[in-house]
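Sequences listed follow chains E and F, in order. Start counting the first sequence at 25; every next residue gets the next number (this note's numbering). Start counting the second sequence at 16; every next residue gets the next number (this note's numbering).
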Amino acid sequence: MPEMNLVQAINHALAFEMERDDRVVVLGEDVGLNGGVFRVTEGLQARFGAERVVDTPLAESGIMGSAIGLAMAGMRPVPEIQFEGFLGPAYDQLVNHAARYRSRSRGAITIPMTVRVPVGGGIHAPELHSDSPEAIYAHHPGLKVVMPSTPSDAKGLLLAAIRDPDPVVYFEPKRVYRSFKEDVPEGDFEIEIGKAKVVSEGADVTVVTWGATVFQCLAAMDAMPEDVSVELIDLRSIYPWDMDCVIESVRKTGRCVVVHEAPKTCGFGAEVSSTIQEHCFLNLHAPVQRVTGFDTVMPYYKLELEYLPESPRIKGAVEQVLAY
Amino acid sequence: MTQLASKVESSKGSRPRLSDTLPDSTLLGWLHSMQLIREFETRCMQAYQGTKIGGFCHIYSGQEACAVGTIGCTNNDDPVILAYRDHGHALARGMSPRACMAEMFGKAAGCAKGKGGSMHMFDKPNSLYGGHGIVGAQTPLGAGLAFATRYEWEVLGTGTKKVTLCYLGDGAIDQGAFHEALNLASLYSLPVIYVIENNGYSMGTAIHRHSANSKRLTMRGEAYGITSIEIDGFDIRNVYDQFKPLVDECRDSQRPAFVDFKTYRYQGHSMSDPQKYRTKEEVDEWKQRDSIAALVSHLLHDRRCLTEAQWKAMQDEIAEVVRDSVEFAENAPVPEVGAELYSDVLVNPQPNMSPAGEYIHGAKNPLL
Ligand SMILES: Cc1ncc(C[n+]2csc(CCOP(=O)(O)OP(=O)(O)O)c2C)c(N)n1
Ligand SMILES: [Mg+2]
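1) Let's see if you can read the secondary structure: which residues bound the beta strand (DSSP E) around residue 125 of chain E?
2) Quick check: is the beta carbon of residue 319 of chain E nearer than 8 Å to any beta carbon in chain F?
3) Output yes if chain F places a C-beta closer than 8 Å to the C-beta of residue 58 of chain E; else output no.
4) Shortest alpha-carbon distance to residue 180 of chain F belongs to which of F:68, F:174, F:164?
5) What does a CB cutoff of less than 8 Å around residue 293 of chain F pick up in its chain, not counting 5 residues either side in sequence?
6) Using a Cβ cut-off of 7 Å, which residues of the region 121-143 of chain F contact any Cβ in chain E, in chain order?
7) Between the Cα of residue 194 of chain F and the Cα atoms of F:212, F:152, F:57, which residue gives the shortest distance?
8) 8 Å is my cut-off, CB to CB: does residue 383 of chain F come that close to chain E?
9) Does residue 67 of chain F come out as helix, strand or coil in the three-state DSSP assignment?
10) Using the rule of at least 16 other Cβ atoms within 10 Å of the residue's Cβ for burial, across every protein chain shown, is residue 98 of chain E buried or exposed?
11) Let me confirm a value: residue 223 of chain F is counted as buried when at least 16 other C-beta atoms fall within 10 Å, else exposed. Which label applies?
12) Taking the continuous beta strand (DSSP E) assigned at residue 285 of chain E, which residues delimit it?
13) Name, please, each residue of chain F whose Cβ falls closer than 7 Å to the Cβ of residue 326 of chain E.
14) With a cut-off of 8 Å, does the C-beta of residue 331 of chain E fall near any C-beta of chain F?
15) Out of F:147, F:91, F:178, F:36, state which residue places its alpha-carbon closest to the alpha-carbon of residue 162 of chain F.
16) For a contact meaning CB atoms closer than 8 Å, what does residue 109 of chain E contact in chain F?
17) Closer than 7 Å, Cβ to any Cβ of chain E: which residues of the region 222-240 of chain F, in chain order?
18) Please determine whether the Cβ atom of residue 149 of chain F lies at a distance below 7 Å from any heavy atom of ligand 1.
19) Determine the chain F residues that contact residue 149 of chain E at a beta-carbon separation under 7 Å, and present them in chain order.
20) So, using beta-carbon positions, are residue 55 of chain F and residue 102 of chain F closer together than 8 Å?
21) Compare the C-alpha of residue 58 of chain E against each of E:76, E:69, E:171 and name the closest.
22) Answer with buried or exposed for residue 348 of chain E, where buried requires no fewer than 16 other C-beta atoms within 10 angstroms of its C-beta.
23) Using the Cβ count rule (16 or more neighbours within 10 Å means buried), how would you classify residue 91 of chain F?
24) Candidates F:323, F:345, F:287, F:143: which alpha carbon is nearest residue 308 of chain F's?
25) Go through the region 322-365 of chain F residue by residue and report every complete run of the alpha helix (DSSP H) that reaches 4 residues or more, in order.
26) If the cut is a Cβ gap below 8 Å, which residues of chain F does residue 146 of chain E touch?
27) Return helix, strand or coil for residue 81 of chain F, following the three-state DSSP convention.
28) Between which two residues does the alpha helix (DSSP H) holding residue 276 of chain E run?
29) For my contact list, residue 57 of chain F and residue 210 of chain F are in at a C-beta cut-off of 8 Å; report their separation, rounded to the angstrom.
30) Starting from residue 311 of chain F, trace the alpha helix (DSSP H) in both directions and tell me its first and last residue.
31) Going by other Cβ atoms of all chains shown within 10 Å of its Cβ, with 16 needed for buried, is residue 279 of chain E buried or exposed?
32) Which same chain residues end up closer than 8 Å to residue 133 of chain E when comparing Cβ atoms and leaving out the 5 residues on each side of it in sequence?
33) For ligand 2, list every residue whose C-beta falls under 6 Å from any of its heavy atoms, going in chain order.
34) Would you report the Cα separation of residue 160 of chain F and residue 127 of chain F, rounded to the nearest angstrom?
35) Please check the pair residue 154 of chain E and residue 217 of chain E, which I expect to be a contact at CB under 8 Å, by giving their CB distance rounded to whole angstroms.
36) Run the CB neighbour count on residue 166 of chain F, radius 10 Å, all protein chains shown included, and call it buried at 16 or more, exposed below.
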């Protein structure tokens with residue numbers, strides 16, 4: 025199994041699927057000649073040609089809209105939006121059209137499109153280049169939303185997303201892009217959208233997270249005494265999400281901390297926490313805690329780590345629910 | 016020679032130039048302003064490489080004649096609104112180099128309290144409505160600013176006739192928002208000039224690869240019934256000669272305009288750009304027509320209002336100003352977490368904002 029970082033794994037998965045299915049096309053700003061802002065599509069244009077790896081004008085609404093058109097006609101478009109903030113100009117097309125076509129056409133027309141979007145903070149970028157809008161898209165019926173945190177998951181989820189008959193917003197945590205390598209399975213494999221991963225099993229407290237904060241949670245666990253047994257769940261899919269996995273875990277541990285980068289109010293942690301109280305009320309030994317970004321605009325880099333849920337805050341919350 | 020370079024190579028006519036009627040002090044002021052930007056950007060690159068500046072940093076070097084020349088045609092209360100490559104315009108509009116550099120460094124003394132960085136050059140007292148990280152987003156806002164100035168003048172009777180300058184790059188002209196803005200501006204007769212700094216590239220994509228009919232951008236403005244012209248934006252005297260009458264006309268008629276400025280950026284798109292999309296020769300060709308060098312030569316040899324010694328002294332003085340801004344930025348405090356991380360979102364404090372109000376009052380949240 026070859027070692028890859030997240031960027032390489034996504035590149036590899038794209039190439040794999042383009043090789044397998046010639047209806048897969050990649051389009052976006054600078055994805056071709058330049059290989060993408062984060063070099064995720066590096067080499068794909070040289071390999072598959074400019075008709076399949078298409079450099080577009082700076083026009084997100086046009087990119088998203090034309091990708092939807094491609095998908096309606098049975099293609100498998102994989103548009104790239106360079107940063108999550110630039111989903112703004114594409115929002116109408118994504119939520120008013122991609123998300124609703126199946127419903128609007130009563131199942132006659134589907135949108136098998138995968139929108140790749142770098143997401144999150146921790147790379148010293150400013151607002152619009154550091155945000156975590158996953159809950160916004162999860163809120164729209166008709167969209168699937170995933171956020172892999174490891175190279176292997178990135179490959180498996182990307183293959184599943186491209187093959188999915190419905191639109192998938194595929195968020196790529198920038199902070200993880202080149203942070204580590206791991207063995208990525210060769211050949212064809214999918215990770216089912218909607219399935220979480222238990223990163224480490226534990227008995228005392230469940231920590232639920234996704235994206236780059238998986239690694240902050242692991243760091244927090246490292247800093248805790250040996251006898252604290254944490255069950256860490258990487259949701260991987262934000263919508264549909266693996267309620268069963270979380271519910272089962274919290275029924276066992278009786279305590280839960282949810283961690284995400286997005287602002288607290290209406291963040292996806294609110295959904296997780298609410299679901300837990302619906303299903304695990306009698307199992308809970310402490311209120312569910314959320315460790316999140318704040319209800320403020322992502323600040324420039326000097327304050328970035330104050331905003332992001334870094335490991336000391338996570339550790340504090342775990343201790344708090346344990347001591348409750 | 017590249018298409019762009021040859022096209023705009025020389026626009027010297029035989030008619031007397033409008034800029035020739037200006038006093039020496041005005042042209043010396045332009046030189047000062049352009050050199051200030053060049054020096055500032057050079058020091059920004061150094062600071063970025065020294066990891067003093069984080070995030071993104073889009074260098075304006077090469078395009079100085081555009082910002083200085085166009086802003087030089089306006090009054091200080093004419094609104095200016097910018098794209099994200101915005102340090103040059105901020106300095107040209109009179110922002111203190113210290114406030115500008117401190118913002119780059121993410122320090123509390125910065126023009127956006129060090130919470131924004133390179134793309135957040137706001138200076139309300141100088142009618143500067145900031146940079147915009149969403150490419151093209153500023154273009155309808157420019158129409159709105161012009162709507163407001165016209166309303167103040169015409170309906171409220173409280174203002175004079177103003178002209179708004181709205182800057183954008185050649186990449187931004189492809190955004191849908193820009194087309195909506197052009198239509199609004201023409202339909203409502205709004206005094207806004209869309210200043211397109213056409214440096215030939217949208218990030219790594221050359222204009223003929225990203226925009227249809229790219230040799231005739233002015234047709235886009237004309238399609239909406241807007242006066243649209245091309246200007247060689249690499250020669251500041253030429254910028255003034257052609258842009259000043261346009262500003263005057265827009266002010267007088269309270270109508271919009273569209274200008275395709277041919278220009279060039281010397282540095283990469285941002286600080287991490289391998290620049291595979293262009294050749295060194297192309298960059299060098301443009302550098303041979305450098306706007307600062309050309310103006311210096313004019314002032315030394317044609318106007319004879321500057322000596323080599325004076326030019327040297329001006330460069331030294333500017334280097335000192337910029338060095339001082341770096342030192343100031345280095346020593347300035349970072350924004351205070353308790354006060355600044357949570358402020359300026361809404362009128363503060365908001366009782367139910369996360370984290371709860373205690374933060375703003377300085378108490379520690381147990382989870383932090
Ligand atoms: C909506 C949006 N899409 C994409 C980007 C990323 N981006 C930033 S600048 C840029 C190119 C802009 O080119 P141009 O307008 O010509 O300005 P220049 O860099 O030449 O000054 C791109 C693609 C962005 N900031 N906003
Ligand atoms: Mg450009």
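A virtual CB, placed ideally from N, CA and C, is assigned to each residue, including glycine.
Looking at the coordinates:
1) No beta strand (DSSP E) contains residue 125 of chain E, which is instead part of the alpha helix (DSSP H) from 125-128.
2) yes
3) yes
4) F:164
5) 216, 221
6) 121, 129, 130, 131, 132, 134
7) F:152
8) Caution applies to residue 383 of chain F, whose pLDDT of 25 falls short of 50 and renders its modelled position unreliable; the value that the coordinates give is listed next. Cβ-Cβ to chain E under 8 Å: yes for residue 383 of chain F.
9) coil
10) exposed
11) exposed
12) 280-287
13) 121, 129, 349, 350
14) yes
15) F:178
16) 148, 149
17) 224, 225, 226
18) yes
19) 70, 71
20) yes
21) E:69
22) exposed
23) exposed
24) F:323
25) 323-346
26) Here the premise fails: no neighbours, minimum Cβ distance about 12 Å.
27) helix
28) 267-277
29) Their Cβ separation, rounded to whole angstroms, is 24 Å, which puts residue 57 of chain F and residue 210 of chain F out of contact at 8 Å.
30) 306-312
31) buried
32) 96, 125, 126
33) F:184, F:185, F:186, F:214, F:216, F:217
34) 20 Å
35) About 25 Å separates the two Cβ atoms, so there is no contact after all.
36) exposed
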